[in-house]
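Taken in order, the sequence shown gives residues 0 to 217; the numbers are from numbering that gives the first Met the number 0.
All remarks here apply to the structure that follows.
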Amino acid sequence: MLKAVLFDMDGVIVDTEPLHRKAYFQMFSDVNIEVDEELYTSFTGQSTINICKRLVNHFNLSESPEMLVNLKRKHFKYLFENDVDLTLIDSVLDLIKNYHANGLKLVVASSASMPNINRIFERFELNQYFMGKFSGADLKQSKPHPEIFIKAAAHTGFNKTDCIVIEDSTNGIAAAHSAGIFCVGFKSLHSTGQVYTKADLVISNFEEISFSKISVLF
């Protein structure tokens with residue numbers, strides 16, 4: 000029986016990818032590196048610190064990963080406060096309200112930092128619907144490791160078989176699969192270059208997984 004839903008945030012709840020992209024590329028410029036599209040796409044779903052560790056190793060940088068994180072977050076904070084294009088993903092608020100009204104426990108499990116998660120939740124008044132928030136930046140392992148979803152599922156108090164994950168990235172889907180949790184792969188215009196083969200169900204519109212439609216699978 001479906002009792003809880005674990006949401007990724009970037010690309011599922013809100014489209015922050017354009018802002019993250021701008022912030023990352025400003026940071027790349029700050030440290031004089033050129034990151035191609037293939038390398039950048041491979042970062043999707045990973046925490047900022049792990050991305051910056053990869054950059055330091057890949058480009059043999061003298062700067063520390065922590066310094067790169069601070070540069071990127073400085074740029075993102077400015078963009079978040081000044082970029083008017085930041086919006087929720089189409090129909091996701093209706094889905095959240097639909098699940099909440101039907102008694103499902105909702106948890107966000109995102110690779111974003113907790114300050115960024117809180118900024119999004121406060122800006123769009125989402126705290127009233129969610130019982131918990133987990134940041135991959137606060138955990139030892141990053142997606143595609145399943146740690147974040149294992150912890151988020153445990154937080155609901157329900158068995159993993161009573162939970163689903165909604166993800167849009169290759170790494171996030173792989174993490175849900177490794178955690179043994181039913182995964183809905185959200186294939187949207189914002190999630191290019193991602194692989195959905197490990198998802199249990201692939202959708203392109205949230206109306207496909209309204210409570211009445213998804214609950215019959217459990």
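Here a beta-carbon is modelled for each residue, glycine too, at the ideal position from N, C-alpha and C.
Small disclaimer: the values here were computed from a predicted structure and weren't measured.
| query | Do I180 and V13 have their C-beta atoms closer together than 8 Å? | reply | Taking the sequence shown and counting its residues from 1, the one referred to as residue 180 is at position 181. Taking the sequence shown and counting its residues from 1, the one referred to as residue 13 is at position 14. Cβ atoms of I180 and V13: not closer than 8 Å.
| field | Residue range of the alpha helix (DSSP H) that includes S211 | value | Position 212 of the sequence shown, counted from the first residue, corresponds to residue 211. Unbroken alpha helix (DSSP H) run through S211: F210 to I213.
| field | Straight-line Cα distance separating A100 from H144 | value | What you label residue 144 is simply residue 145 of the sequence shown in a count that begins at 1. What you label residue 100 is simply residue 101 of the sequence shown in a count that begins at 1. Roughly 31 Å separates the two Cα atoms.
| Are at least three pairs of beta-carbons, each pair with one atom in the segment 164 to 175 and one in the segment 0 to 14, less than 8 Å apart? | Touching, yes.
| message | Short of 7 Å in beta carbon distance, which residues of its chain neighbour L87, apart from the five on each side in sequence? Order them along the chain. | response | Against the sequence shown, residue 87 aligns to sequence position 88. Counting only Cβ-Cβ distances below 7 Å, and skipping sequence neighbours, we find I12, V13 and F123.
| Between F27 and K159, what straight-line distance do the alpha-carbon atoms span, to the nearest angstrom? | For the purposes of this step, residue 27 is taken as the residue at position 28 of the sequence shown. For the purposes of this step, residue 159 is taken as the residue at position 160 of the sequence shown. For F27 and K159, the gap between their C-alpha atoms comes out near 39 Å.
| From the DSSP output, which residues share a beta bridge with D29? | Position 30 of the sequence shown, counted from the first residue, corresponds to residue 29. Under DSSP, no beta-bridge partner is assigned to D29.
| task | For G10, name the three-state secondary structure that DSSP assigns. | result | As a working note, residue 10 is residue 11 in the sequence shown. In the structure shown, G10 adopts coil according to DSSP, grouped into three states.
| said: With DSSP as the reference, identify every bridge partner of L70, one or two as the case may be. | reply: For the purposes of this step, residue 70 is identified with residue 71 of the sequence shown, where counting begins at 1. In DSSP, L70 forms no bridge with anything.
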